[in-house]
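S.K.: Please see the structure below; I have some questions.
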Amino acid sequence: MQRTHILSTGSFLPEKIISNEDLTQFSHEARKLIADKTGVQTRRHANESECTSDLAVAAARRCLQKIDFPLENLQGIVLSTSSPDRMQPATATRVQHVLGAGNAFAFDINSVCSGSSFGITVVDSLIQSGKFKTILLIASEMYSKILNSKDFSTYPFFGDGAGAVLFQAGAGCSGGVLHCCLETDGSKNDTICVPGGGTMLPFEKMPGPRSACFRMKGEEVFAFTMDKGPKIIRRLLEEAGVAMEEVKCFICHQANINILHGIAGLLGIPKEKFFVNLDRYGNTASASVLIALDEAISQGRLVQGDLVVIATFGGGLSWGANLIRI
Amino acid sequence: MNEIMEKIKYGILDLFPEIGKAPITSEMCLGAIPNYDSMAAVNLQTFLEENFPLKVSLDMLAAEMPLGELVAYIGRYVKNRN
Chain F
18 MQRTHILSTG SFLPEKIISN EDLTQFSHEA RKLIADKTGV QTRRHANESE CTSDLAVAAA
78 RRCLQKIDFP LENLQGIVLS TSSPDRMQPA TATRVQHVLG AGNAFAFDIN SVCSGSSFGI
138 TVVDSLIQSG KFKTILLIAS EMYSKILNSK DFSTYPFFGD GAGAVLFQAG AGCSGGVLHC
198 CLETDGSKND TICVPGGGTM LPFEKMPGPR SACFRMKGEE VFAFTMDKGP KIIRRLLEEA
258 GVAMEEVKCF ICHQANINIL HGIAGLLGIP KEKFFVNLDR YGNTASASVL IALDEAISQG
318 RLVQGDLVVI ATFGGGLSWG ANLIRI
Chain G
998 MNEIMEKIKY GILDLFPEIG KAPITSEMCL GAIPNYDSMA AVNLQTFLEE NFPLKVSLDM
1058 LAAEMPLGEL VAYIGRYVKN RN
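The listed protein sequences correspond, in order, to chains F and G. Terminal number for the first sequence in our numbering: 343, no gaps in between. Terminal number for the second sequence in our numbering: 1079, no gaps in between.
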C-alpha cells in the first residue's frame, strides 16, 4: 500500500526573543500573570521588515536542505496561514518564487490554529490521489503583526514562527500518515476572528484600525478545547484501531499549558507524553505543531517507527487530528 | 467627576464593543461588561493607567466593583495628587 510518509522536517523561529517582562505596556502585576495563566515565558517576534512568507521560506529551506532535496522535484507547496502576507494572492505563491520551486503548484489554506491538521489531511489526500508524489506542507504565522499590542487577552500569548514537513508517496513503507479526522462548528465562527478587513467589514467601514486585529473569547476557547480535544484524539485512535498506550508522543496545538495538561488528564495520559514548547515560543497558531514535530524529531524524542498523534484546535471553530508513524 | 465618568465610558465602549448600546451607569458593576474576566480587567487597568495619573490594582477591578465606586476612587486619587 502506498502511504504518505515524512521525508524531512524543518522549522524557523525569528531571533528576537521577547520575555514577559519586556511587555511593559502592561502593569508588573499583569505581567506576572502571563506565565501562570498560559505557561508562556518568552515568544519570538519577527523584524519590522519581515513578512509571513519570509518565515515560511526559512523553514522550508531548513527542511529541504536537511536531505539535499532537489527543488525541481518538488511538485506542490501547501501553506497554512491565518496571518498572510496580503489579502491576496496566496502567500504560498511568494514562497514558491523565493524558494525557486518553479515546478510546484502553491496555494494557502486557512483553518486558523488547526491549519496544520487540515494541511496534513489535504496533502495526504493529494498524494493518495496518485496525481502527486512530493508535496511540501508549511505552516507559517506572524501574529505579532495582527494583534493589538495593548490587548492582554491576546498579545502576550502569541509568537511568530514557521514549520515545514516534506511529504512523499512511499510504496511498501510502514510509516506515514495513518489516519486523519477533521471537524468544524461554523456556528461559533465569531469566537476567534479578525473582524475587519474582509467583505463583512471592509476597511473603509471599520470603526478603527483595531477592527483589523485578532480577537478571541478566551473562556469559550478553553471550554471548546477541553471538550473537543480529548474527543477527537479518542475518535482518531479508535478509528485507526490503535491503543492510547501505543502512541509515543502527543503533539497538540501549543495554545496554553493548562489546556495541554487538561487534555492529558481527561485522557488519562501522563503529561510527559505531551510535547511542550509554548514556554519558549508562545502560541504560534497553525505553525505550532509543525515546529513541535520538527523539534521532537531533531531531539530524538521521536524516531523511525514511533507513533505520534497531532491534535489541533482553532478558529472556525475547527479541530483536527492526525496519526502518523515516523 | 463627570469628566472621569465620561472618559471611562469612552474607554469601556472602545475596549469592549460587545457592550453595544447597553447603558453604562454608575450602578453598573464591571462584571456586567460582556466577557469581563481577568484578561479584560488587565485591559481596563492599562486604559486607566494611560488616561489617569494613577496606579490601580487588579483587585480594584474585580467583577463586583460598581463603576461609580471606581470613578470615586479615581476622583480621590487625582484630587490628592493635585
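In this text, a Cβ means the ideal position worked out from N, Cα and C, and glycines have one as well.
Kindly give me the distance between the Cβ atoms of T108(F) and S70(F), rounded to whole angstroms, as I take these residues to be in contact under 8 Å.
M.R.: Confirmed, about 5 Å.
S.K.: To the nearest angstrom, how far is it from the Cα of D125(F) to the Cα of F292(F)?
M.R.: If you take the alpha carbons of D125(F) and F292(F), they lie about 27 Å apart.
S.K.: What are the residues that DSSP puts in a beta bridge with N300(F)?
M.R.: Its beta-bridge partners are F175(F).
S.K.: Looking at chain G, is there any beta carbon in it that lies within less than 8 Å of the beta carbon of G235(F)?
M.R.: G235(F) counts as touching chain G.
S.K.: Can you tell me whether S66(F) is buried or exposed, with buried defined as 16 or more other CB within 10 angstroms of its CB?
M.R.: Its Cβ having fewer than 16 others within 10 Å, S66(F) is exposed.
S.K.: Please list, in chain order, the chain F residues whose beta carbon lies closer than 7 Å to that of M1036(G).
M.R.: The answer, in chain order, is F169, S170 and G235.
S.K.: So, is the C-beta of F105(F) closer than 8 Å to a C-beta in chain G?
M.R.: Contrary to the premise, residue 105(F) reads as Gln rather than Phe in this sequence. No, no contact with chain G.
S.K.: Do the CB positions of A77(F) and L116(F) come within less than 8 Å of each other?
M.R.: Yes, these two residues count as a Cβ contact at 8 Å.
S.K.: When you compare the CB of A47(F) with every CB in chain G, is at least one pair closer than 8 Å?
M.R.: Interface residue, yes.
S.K.: Just grab the DSSP bridge partners of G5(F) for me.
M.R.: It is not possible to answer for residue 5(F), since the shown part of chain F is limited to 18 through 343.
S.K.: What number of angstroms, rounded off, separates the C-alpha of L254(F) from the C-alpha of F149(F)?
M.R.: C-alpha separation (whole angstroms): 27 Å.
S.K.: Can you tell me where the beta strand (DSSP E) with A76(F) in it begins and where it stops?
M.R.: Premise fails: A76(F) lies in the alpha helix (DSSP H), T69 to Q82, not in any beta strand (DSSP E).
S.K.: Between N1048(G) and chain F, is any beta-carbon pair separated by less than 8 Å?
M.R.: False, the Cβ-Cβ gap to chain F never drops below 8 Å.
S.K.: So which residues on chain F does S1054(G) lean against when the C-beta distance must stay under 8 Å?
M.R.: Here the neighbours are E46.
S.K.: Would you be able to state if there are at least three C-beta pairs under 8 Å between the region 152 to 162 of chain F and the region 1001 to 1015 of chain G?
M.R.: Contact fails: fewer than three Cβ-Cβ distances are below 8 Å.
S.K.: If the criterion is Cβ atoms closer than 8 Å, does the pair G176(F) and T98(F) meet it?
M.R.: Not in contact: G176(F) and T98(F) (Cβ atoms no closer than 8 Å).
S.K.: Quick one: is T1043(G) near chain F, going by C-beta distance under 8 Å?
M.R.: Yes, T1043(G) lies at the interface with chain F (some Cβ there is under 8 Å from its Cβ).
S.K.: Can you find a C-beta in chain G that's less than 8 Å from the C-beta of F43(F)?
M.R.: It does: the Cβ of F43(F) has a partner Cβ on chain G nearer than 8 Å.
S.K.: Can you have a look at M348(F) and say buried or exposed, based on whether 16 or more other CB atoms are within 10 angstroms of its CB?
M.R.: Since the first and last residues shown for chain F are 18 and 343, residue 348(F) lies out of range.
S.K.: Going by DSSP, which residues form a beta bridge with N339(F)?
M.R.: Answer is C197(F) and I327(F), bridged to N339(F).
S.K.: Leaving out the 5 sequence neighbours to the left and right, which residues in its chain are closer than 7 Å to V306(F) when beta-carbon positions are compared?
M.R.: Correct list, in chain order: S133, I268, H270, I327 and T329.
S.K.: Secondary structure at M1036(G), three-state DSSP: helix, strand or coil?
M.R.: Here M1036(G) sits in helix by DSSP.
S.K.: To which residues of the same chain is L88(F) closer than 6 Å at the C-beta, ignoring the five residues directly before and after it?
M.R.: Taken in chain order, the residues that qualify are G117 and A118.
S.K.: Please specify which runs of the beta strand (DSSP E), each continuous and at least 3 residues long, are wholly inside the region 187 to 248 of chain F, giving them in chain order.
M.R.: Within the region 187 to 248 of chain F, the complete beta strand (DSSP E) runs of at least 3 residues are 193 to 201.
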